[in-house]
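Peer 1: Using our numbering, the letters of the sequence shown map in sequence onto residues 68 to 565.
For every residue, glycine included, the Cβ atom is placed at its ideal position computed from N, Cα and C.
Remember, predicted model here, so these are calculated numbers, not experimental data.
Sharing a structure here in structure tokens format.
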Amino acid sequence: MAQAWEDGRPDLDVELAVVGAGAAGLYTALRAAGAGARVALISAAPLAQTASYWAQGGLAAALAADDSPELHLRDTERAGRGAVRRSAAEILVAEAPECVRELQAAGISFDADRFGRLALGLEGGHSVRRVVHAGGSATGRRMLRQLSALVAEEPRIEVLENTRADALWPVEGDGGVRCRGLRCDDGRVVGARAVVLSSGGAAALWARTTNPPGSQGVGLLLAHALGARLADLELLQFHPTAVIGVRGREGFLVTEAIRGEGATLHGADGERFVDELAPRDEVARAIQAELERTGARSVGLDMRKIDPALFPNVVGTLREAGLDPTRELIPVAPAAHYMMGGIVTDLQARSSVPGLYAVGEASCTGLHGANRLASNSLSECFVFARRAASAALQEPAPSQASAEDLRGLAGQQGIPESSPQTRAALWREAGIVRTAEGLERLSRDRHPLAQLIARCALTRRESRGAHRRADYPESDPALEHRHVVVDARDELVWETWL
Ligand SMILES: Cc1cc2nc3c(=O)[nH]c(=O)nc-3n(C[C@H](O)[C@H](O)[C@H](O)COP(=O)(O)OP(=O)(O)OC[C@H]3O[C@@H](n4cnc5c(N)ncnc54)[C@H](O)[C@@H]3O)c2cc1C
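This is how it looks when you write it as structure tokens:
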């Protein structure tokens, strides 16, 4: 498919190349096209295989009369366990309400009460109802369908479907390397003023996960290969309530919003053992402790009193799997869910490499700290997609490439796939509770991201949020607001982010 590039021209030349068509990628592409730019949207997976499509709860925004951005910030910081970068969280809470209005204007119809006001859900760690949803627990599906339809209608966006970005294109500039575009797995080269990585998280690198298989952190490795800094790789959130022991539905997530409506968790003796609406790290650890105490594989989620009409797709999926949530407890246990770490970005979504941006779960602004507040991630996708699109279009026009540049890119190595052994090792050695010995073993895994995760987790000698070390069970006050950063030369450095 690729040509010889004798004239130094890439196969496709656009202003912005966006990698990944989840919430972050679709919205970045739409915003850039809306500003008049030509965009290439490179999407490895069909729509239904993005984490965004699977999102159930919704997006958090301070819209209720008894809510405010300040209260949303307070809840985000409390959940984040002394590691939230306040400057980023302030942007999220201030801009999320406007994003909800923009999405409504784009044709997304969020659930409303009988007076036509937005029906807001309550989730763990939120002190008030603040979660906007669509179709009950079909929020991601409804949003992605509408955003994809808009992308398909937009003549300025060229979608490269079933295509994977497998290398970024470095060019030498005055200030060092900058990103000039990317190479696709079919050999085509896309040249651009800037590249936005919205390739999702890495939770599917863990054997037990709520994520689609494409969430393997490929964007993080692409960025790092170009010299971009990564951070907080040890901070991986485990969702407390994924279905366990049901063939074909292993890892299916039962949204926190169901606990927000009153569903309860029960141990083997039938007793409740945790505040179901505590932040996720607390609930996941309490479940894990209960499993270790009793030797059971799962605890029971009692949603028998919940109106099934409120969560039609969760109830439907459980019934298809042979479980009747109106009559029996659902077997659940924690599973790897959300990567707080990622490609280090500033407040305009710029990575440390000029011309390279990251948005959504692939990015690490520091706003989630050590434990993401439920439903803050979809809001983050939209808030920072807007910022990325406008900043990226201010990048200088790209320099003329040579045929030699393009042939150099063609010869670059791609990103290695993960093996089942790596995924099992991450679950075993970098699961809910970690030890130095296990992490040392993991640091010798063949997969480069698994190695980096292990090194970061070894470096954080404390327990904080989602990162629990059996050998360092307490939080170290000296590490408040400190983040483990992997620099361009693979060295680990501590930084303070405020
Ligand atoms: C089951 C589930 C429920 C959730 N519920 C909620 C919720 O209610 N509220 C909330 O806020 N968050 C929720 N989350 C988290 C949230 O959905 C994600 O953090 C968010 O959707 C990530 O969006 P994204 O656009 O960054 O990435 P994604 O939606 O994951 O999209 C990334 C896309 O990029 C593709 N890709 C990866 N690498 C490449 C490559 N090299 N080339 C081309 N394409 C590539 C991937 O295949 C994928 O399709 C949930 C997550 C899951 C898994």
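Residues bridged to S246 by DSSP?
Peer 2: On the sequence shown, position 179 is the one that residue 246 refers to. A quick correction: the sequence has Cys, not Ser, at residue 246. Per DSSP, P237.
Peer 1: Under 8 Å, with one C-beta from each stretch per pair, do the segment 341-354 and the segment 437-451 reach the 3-pair mark?
Peer 2: In short, these stretches touch, since the Cβ pair count reaches three.
Peer 1: With DSSP collapsed to three states, give me the class of F449.
Peer 2: By one-based count along the sequence shown, residue 449 stands at place 382. The answer is helix: DSSP assigns F449 an H, G or I state.
Peer 1: With a threshold of 7 Å (Cβ to nearest heavy atom), would T412 be considered close to ligand 1?
Peer 2: For this step, residue 412 is matched to residue 345 along the sequence shown. For ligand 1, not one heavy atom lies less than 7 Å from the Cβ of T412.
Peer 1: Can you find a heavy atom of ligand 1 that lies under 7 Å from the Cβ of N278?
Peer 2: Position 211 of the sequence shown, counted from the first residue, corresponds to residue 278. N278: yes, Cβ under 7 Å from ligand 1.
Peer 1: For the structure I just gave you, are there three or more beta carbon pairs, one from the segment 317-330 and one from the segment 391-406, closer than 8 Å?
Peer 2: Touching, yes.
Peer 1: Using three-state DSSP, classify P483 as helix, strand or coil.
Peer 2: What you label residue 483 is simply residue 416 of the sequence shown in a count that begins at 1. Coil.
Peer 1: What's the C-alpha gap between A69 and L473?
Peer 2: What you label residue 69 is simply residue 2 of the sequence shown in a count that begins at 1. What you label residue 473 is simply residue 406 of the sequence shown in a count that begins at 1. At A69, the pLDDT of 49 sits below 50, so the modelled position is not reliable and the matter cannot be decided from this model.
Peer 1: Unbroken beta strand (DSSP E) runs of length 3 or more, entirely within the segment 391-469: which are they?
Peer 2: If we require 3 residues or more, the beta strand (DSSP E) runs fully inside the segment 391-469 come out as 397-406, 409-411, 423-425.
Peer 1: For A131, which residues from the same chain have a beta carbon less than 7 Å from its beta carbon, with the 5 sequence-adjacent residues on both sides left out?
Peer 2: For the purposes of this step, residue 131 is taken as the residue at position 64 of the sequence shown. Excluding positions up to five away in sequence, the list reads L187, V195, R196, R197.
Peer 1: DSSP state of V552, grouped into three classes?
Peer 2: In the sequence shown, the residue the question calls residue 552 occupies position 485. If DSSP states are grouped into helix, strand and coil, V552 belongs with the strands.
Peer 1: Scan the segment 305-385 and note each continuous beta strand (DSSP E) run of 3 residues or more that stays entirely inside, going in chain order.
Peer 2: You should have 331-333, 366-369.
Peer 1: So, with DSSP's three-state summary, where would you put A259?
Peer 2: Counting from one through the sequence shown, the residue named residue 259 turns up at place 192. Coil.
Peer 1: Put E157 into one of helix, strand or coil per three-state DSSP.
Peer 2: Locating residue 157 in the sequence shown gives position 90, where the first residue counts as 1. Reduced to three states, the DSSP call for E157 is helix.
Peer 1: If R76 sits next to R531, beta carbons under 8 Å apart, how far is it from one beta carbon to the other, in whole angstroms?
Peer 2: Sequence index remark: in the sequence shown, residue 76 carries index 9 (1-based). Sequence index remark: in the sequence shown, residue 531 carries index 464 (1-based). That pair is no contact at about 49 Å.
Peer 1: Let me make sure I understand the geometry here. Which of R536, P515, R535, E529 has the alpha-carbon closest to that of V553?
Peer 2: Taking the first residue of the sequence shown as 1, we reach residue 553 at position 486. If we check each option's Cα against that of V553, P515 comes out closest.
Peer 1: Can you name the residues that DSSP bridges to A127?
Peer 2: To locate residue 127, count along the sequence shown from 1; it is residue 60. For A127, which the question treats as bridged, DSSP gives the partners V198.
Peer 1: Go through its chain and collect everything with a Cβ distance to R152's Cβ below 7 Å, but skip five positions before and after it.
Peer 2: Taking the sequence shown and counting its residues from 1, the one referred to as residue 152 is at position 85. Same-chain partners within the cutoff: T432, G433, L434, W564, L565.
Peer 1: Beta strand (DSSP E) containing S110: first to last residue?
Peer 2: The sequence position of residue 110 within the sequence shown is 43, counting from 1. Where S110 is concerned, the enclosing beta strand (DSSP E) stretches over 106-110.
Peer 1: Name, in chain order, the residues that DSSP records as bridge partners for G475.
Peer 2: Taking the first residue of the sequence shown as 1, we reach residue 475 at position 408. Paired residues: none, contrary to the question.
Peer 1: Please tell me whether, using a cut-off of 7 Å, the distance from the CB of G248 to the nearest non-hydrogen atom of ligand 1 is below it.
Peer 2: Position 181 of the sequence shown, counting from 1, holds the residue named residue 248. The answer is no for G248.
Peer 1: Would P465 and R145 qualify as a contact pair, given that the criterion is a beta-carbon distance under 8 Å?
Peer 2: Numbered from its first residue, the sequence shown carries residue 465 at position 398. Numbered from its first residue, the sequence shown carries residue 145 at position 78. Contact flag unset, no.
Peer 1: So is N278 buried or exposed if we call it buried at 16+ other beta carbons inside 10 Å?
Peer 2: Taking the first residue of the sequence shown as position 1, residue 278 is located at position 211. The residue in question, N278, is buried, as its Cβ has 16 or more Cβ neighbours within 10 Å.
Peer 1: Following a CB-centred definition, is I109 positioned closer than 7 Å to any heavy atom of ligand 1?
Peer 2: Counting from 1 along the sequence shown, the entry for residue 109 is found at position 42. True, at least one ligand heavy atom lies under 7 Å from that Cβ.
Peer 1: Between G312 and P398, which are expected to be in contact by the criterion C-beta below 8 Å, what is the C-beta distance as a whole number of angstroms?
Peer 2: Taking the sequence shown and counting its residues from 1, one reaches residue 312 at position 245. Taking the sequence shown and counting its residues from 1, one reaches residue 398 at position 331. 5 Å between Cβ atoms; contact.
Peer 1: Mind checking N443: buried by the 16 CB within 10 Å criterion, or exposed?
Peer 2: Sequence index remark: in the sequence shown, residue 443 carries index 376 (1-based). Classification for N443: buried.
Peer 1: To the nearest angstrom, how far is it from the Cα of V551 to the Cα of L559?
Peer 2: Walking along the sequence shown from the start, residue 551 turns up at place 484. Walking along the sequence shown from the start, residue 559 turns up at place 492. Whole-angstrom Cα-Cα distance: 6 Å.
Peer 1: Judging by CA-CA distance, which residue of H333, V382, P164 is the nearest neighbour of L358?
Peer 2: The count along the sequence shown starts at 1 and reaches residue 358 at position 291. Among H333, V382, P164, the Cα nearest to that of L358 is on H333.
Peer 1: Tell me, which residues are paired with E82 by DSSP?
Peer 2: Indexing the sequence shown from 1 puts residue 82 at position 15. E82 pairs with nothing; no bridge assigned.
Peer 1: DSSP on W121, reduced to helix/strand/coil?
Peer 2: Sequence index remark: in the sequence shown, residue 121 carries index 54 (1-based). Of the three classes helix, strand and coil, the one that applies to W121 here is helix, per DSSP.
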